[in-house]
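For the first sequence, the positions run 7 to 567 when this note's numbering is used.
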Amino acid sequence: MNQPQETDKLPNFVLDVVKADVAAGRNGGKVMTRFPPEPNGYLHIGHAKSICLNFGIAQDIPGAVCNLRFDDTNPSVEEDEFVRSIQEDVRWLGFDWGARMYFASDYFERLYAIAEKLVREGKAYVDSQTIEEMRAGRGSFHQPGRVSPYRDRTPDENLELLRRMRAGEFPDGAHVLRAKIDMQASNQNLRDPVMYRIKREHHHRTGDAWCIYPMYDFAHGYSDAIEGVTHSICTLEFENHRPLYDWFLDQTPEFDPRPRQTEFARLNLTYMTLSKRRLKLLVEGGHVKGWDDPRMPTIAGLRRRGYTPEAIRAFADRIGVSKRNSFVDVTLLEHAVREDLNARCRRVMGVLRPLRVVLENVPEGQEDAFDAPWFADDPSRGGRSLPFGRALFIDREDFAEVPPKGWFRLTPGGEVRLRNACIIKCERVVKDERGEIVELRCSWDPDSRGGNAKDGRKIKGTLHWVSEKHSLPAEVRLYDRLFRAENPGEEGDEFLGDLNPASFEVVQARVEPSLAGAAPGDRVQFERVGYFCVDPDSKPGALVFNRTIGLKDSWAKQQGK
RNA sequence: UCCGGCGUCGUCCAAUGGCAGGACAGCGGAUUUUGGUUCCGCUUAUUGGGGUUCGAAUCCCUACGCCGGAACCA
Numbered sequence: 007m008n009q010p011q012e013t014d015k016l017p018n019f020v021l022d023v024v025k026a027d028v029a030a031g032r033n034g035g036k037v038m039t040r041f042p043p044e045p046n047g048y049l050h051i052g053h054a055k056s057i058c059l060n061f062g063i064a065q066d067i068p069g070a071v072c073n074l075r076f077d078d079t080n081p082s083v084e085e086d087e088f089v090r091s092i093q094e095d096v097r098w099l100g101f102d103w104g105a106r107m108y109f110a111s112d113y114f115e116r117l118y119a120i121a122e123k124l125v126r127e128g129k130a131y132v133d134s135q136t137i138e139e140m141r142a143g144r145g146s147f148h149q150p151g152r153v154s155p156y157r158d159r160t161p162d163e164n165l166e167l168l169r170r171m172r173a174g175e176f177p178d179g180a181h182v183l184r185a186k187i188d189m190q191a192s193n194q195n196l197r198d199p200v201m202y203r204i205k206r207e208h209h210h211r212t213g214d215a216w217c218i219y220p221m222y223d224f225a226h227g228y229s230d231a232i233e234g235v236t237h238s239i240c241t242l243e244f245e246n247h248r249p250l251y252d253w254f255l256d257q258t259p260e261f262d263p264r265p266r267q268t269e270f271a272r273l274n275l276t277y278m279t280l281s282k283r284r285l286k287l288l289v290e291g292g293h294v295k296g297w298d299d300p301r302m303p304t305i306a307g308l309r310r311r312g313y314t315p316e317a318i319r320a321f322a323d324r325i326g327v328s329k330r331n332s333f334v335d336v337t338l339l340e341h342a343v344r345e346d347l348n349a350r351c352r353r354v355m356g357v358l359r360p361l362r363v364v365l366e367n368v369p370e371g372q373e374d375a376f377d378a379p380w381f382a383d384d385p386s387r388g389g390r391s392l393p394f395g396r397a398l399f400i401d402r403e404d405f406a407e408v409p410p411k412g413w414f415r416l417t418p419g420g421e422v423r424l425r426n427a428c429i430i431k432c433e434r435v436v437k438d439e440r441g442e443i444v445e446l447r448c449s450w451d452p453d454s455r456g457g458n459a460k461d462g463r464k465i466k467g468t469l470h471w472v473s474e475k476h477s478l479p480a481e482v483r484l485y486d487r488l489f490r491a492e493n494p495g496e497e498g499d500e501f502l503g504d505l506n507p508a509s510f511e512v513v514q515a516r517v518e519p520s521l522a523g524a525a526p527g528d529r530v531q532f533e534r535v536g537y538f539c540v541d542p543d544s545k546p547g548a549l550v551f552n553r554t555i556g557l558k559d560s561w562a563k564q565q566g567k
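Structure below.
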């Protein structure tokens with residue numbers, strides 16, 4: 007996984023910035039990046055873009071490294087379960103942070119010491135206004151802010167108050183520590199931002215050791231600096247925070263290297279939502295079965311769905327990195343996974359909606375078998391034997407009593423080839439009293455063993471099939487896009503109204519016996535149908551498959567027009 | 001309306017003053033015992049206006065459009 011160039015990676019401006027810094031000899035040529043998730047949810051495909059960027063730079067630049075740092079400065083929303091899942095997901099994606107797993111909370115003591123230093127130097131003060139007063143005092147886009155009546159407290163006074171804040175002498179919200187910058191600044195982030203707030207919450211790592219917690223803007227840059235990060239890469243919404251990031255670091259010239267922030271555009275994908283808040287709503291509202299529901303854009307969901315790390319990395323490499331707000335077409339992701347699965351998945355047969363076929367010219371009890379390769383275009387990769395007999399199953403979709411124009415599957419009186427087996431002809435359609443087709447009576451051509459007719463007649467259609475007697479029952483979960491709208495919730499906040507009611511369907515399928523030992527995580531192609539992955543719910547004798555992605559289907563496309 | 005950012009095929013990304021190119025999508029064709037794969041071909045773009053230059057997607061001015069910003073969130 008340490009191959010830097012496993013796909014054609016696009017050039018990107020962030021890598022260019024890093025390379026230029028190396029060339030200029032900044033930081034002595036040292037490069038350190040970091041992936042800094044807040045452990046308040048599961049990682050999704052958008053995070054994968056950031057992970058591939060940050061860890062990718064570390065792989066592309068000799069000697070560079072990338073840290074994993076949990077940005078856990080807000081105990082009200084952060085949990086250990088997320089810390090665990092984030093590690094699992096980054097590792098699964100194929101990246102390694104070595105021994106460099108850190109927590110912002112590891113730095114609480116040092117951050118606090120920096121805060122005291124700023125107080126002593128008169129660069130920070132304790133404000134005792136209410137939230138409302140502070141908000142009003144901060145002004146607006148058009149109005150400059152007003153200074154707080156507490157802004158002129160002496161360093162000694164501030165230091166004492168800060169220490170008492172830490173000691174727990176004040177109720178939540180009674181005071182905050184603010185940086186003393188510029189209430190007139192046109193960038194509102196510079197209007198005396200809050201550095202610490204009082205918050206009596208149990209922290210997932212520090213427990214009840216603290217009742218004051220640092221804010222992002224104060225904590226993040228210093229966490230970078232403490233670790234020796236050189237390039238702090240984040241998304242566009244932090245662009246307005248960069249002057250503040252720099253201001254804090256300017257107050258502490260002792261840090262070397264001094265990290266610099268570079269922003270890039272976060273990922274948006276059609277027919278998906280990548281908002282943490284919305285993903286949480288989907289999980290908590292029961293609209294999906296959990297963070298790892300195969301319809302979720304989470305790494306855990308994609309993994310369970312059957313996506314491979316290679317496919318996700320190839321996708322990340324191909325969408326590139328820029329500062330433009332973009333909406334990537336989900337077909338690009340789907341293409342990446344098909345491309346990878348096409349190369350690696352054995353071809354097997356599974357009948358999703360079984361229709362019984364009886365071959366009347368095969369004697370009862372007679373069995374036969376056909377050899378079939380795992381990969382038709384490369385028989386050296388091995389194969390298996392397919393049992394065959396009088397009763398078979400084909401897919402209901404592959405028979406039409408009244409075929410549409412262009413149909414070359416089975417019809418009454420018509421012939422098709424059974425994949426890797428022989429040619430059959432439909433002699434008769436058996437229906438129940440309601441007129442539903444229950445069975446097809448067919449005959450096979452004994453001179454077509456292997457699939458080609460001895461007399462040379464051409465057979466256009468080839469169907470997948472399984473033997474009734476030897477096939478295995480399997481639950482197959484058919485997943486489709488979670489949303490039917492290209493941009494869910496585009497109008498207002500009604501994204502739940504755009505849920506695709508057909509995003510999940512379960513069918514009782516029959517699969518070929520070679521799948522008896524299939525284990526969770528195994529991936530196969532059901533020929534003519536799609537790529538499937540064995541679900542963790544699967545057990546021997548009770549197989550469960552998830553549809554990762556269907557095969558491209560030009561017949562369906564043609565019918566849709 | 002203030003601050004910051006961004007405008008290149010339908011979508012995403014290149015081209016860093018010198019022939020606007022790739023991928024996906026779409027369309028057409030060839031091959032095919034998967035209506036899959038593979039292969040070949042085609043369509044389509046520099047937001048508008050001015051300027052600098054032998055030459056501008058690229059530099060300058062201007063207009064317009066889109067995104068982000070007024071948590072004791074990150």
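Positions of the beta carbon are idealized from the N, C-alpha and C atoms, including for glycine.
Paired residues, beta bridge with residue i - DSSP
i: Ile-400; result: Leu-361 and Trp-471
i: Tyr-108; result: Arg-75
i: Gln-257; result: DSSP lists no partner for Gln-257.
i: Ser-568; result: Given that the chain is displayed from residue 7 to residue 567, the structure contains no residue 568 and the question cannot be resolved.
i: Met-38; result: Val-71
i: Pro-220; result: Tyr-202
i: Ala-480; result: Ala-515 and Leu-549
Segment limits, alpha helix (DSSP H) that includes residue i
i: Ile-318; result: 315–325
i: Pro-161; result: 161–172
i: Asp-66; result: 51–66
i: Asp-384; result: Unbroken run through Asp-384: none, as it is neither H nor E.
i: Leu-308; result: 305–311
First through last residue of the beta strand (DSSP E) which encompasses residue i
i: Thr-554; result: 549–556
i: Gly-536; result: 536–540
i: Ile-237; result: According to the sequence shown, residue 237 is His rather than Ile. Run containing His-237: 237–241, per the beta strand (DSSP E) assignment.
i: Tyr-48; result: Element bounds for Tyr-48: n/a, residue is neither H nor E.
Three-state secondary structure (DSSP) of residue i
i: Trp-561; result: helix
i: His-209; result: strand
i: Lys-123; result: helix
i: Trp-98; result: helix
i: Pro-379; result: strand
i: Ile-443; result: strand
i: Arg-113; result: At residue 113 the sequence reads Tyr, which differs from the Arg that was named. Helix at Tyr-113.
i: Ile-187; result: coil
i: Pro-10; result: Note that Pro-10 scores a pLDDT of 32, beneath 50, so its modelled location is shaky and nothing firm can be said.
i: Arg-529; result: strand
i: Ile-429; result: strand
i: Lys-437; result: strand
i: Ala-515; result: strand
i: Thr-337; result: helix
i: Leu-285; result: helix
i: Phe-501; result: helix
i: Arg-32; result: helix
i: Lys-464; result: coil
i: Glu-269; result: strand
i: Arg-350; result: helix
i: Met-140; result: helix
i: Ala-130; result: strand
i: Gly-356; result: strand
i: Tyr-422; result: Per the sequence shown, residue 422 should be read as Val rather than Tyr. Three-state result, Val-422: strand.
Residue i burial status per 10 Å Cβ neighbour count (16 or more: buried)
i: Asp-230; result: buried
i: Ser-391; result: exposed
i: His-208; result: exposed
i: Phe-398; result: In the sequence on display, residue 398 carries Leu and not Phe. By the neighbour-count rule (16 or more Cβ atoms within 10 Å), Leu-398 is buried.
i: Gln-11; result: Here Gln-11 scores only 36 on pLDDT, less than 50, and its place in the model should not be relied on; the value that follows carries that caveat. Gln-11 is exposed by the Cβ-count criterion.
i: Glu-407; result: exposed
i: Pro-410; result: exposed
i: Asn-348; result: exposed
i: Gly-536; result: buried
Reference residue i, options the options, closest by Cα
i: Pro-380; options: Arg-425, Phe-261 and Pro-177; result: This sequence places Trp at residue 380; Pro is not what is there. It is Arg-425.
i: Ile-63; options: Ala-382, Leu-347 and Pro-17; result: Pro-17
i: Ser-91; options: Gly-69, Pro-68, His-50 and Lys-123; result: His-50
i: Arg-362; options: Trp-471, Val-83 and Thr-268; result: Trp-471
i: Arg-197; options: Leu-484, Tyr-131, Gln-93 and Met-171; result: Tyr-131
i: Arg-264; options: Asp-252, Ala-271, Leu-478 and Arg-272; result: Asp-252
i: Glu-245; options: Arg-387, Phe-270 and Gln-257; result: Phe-270
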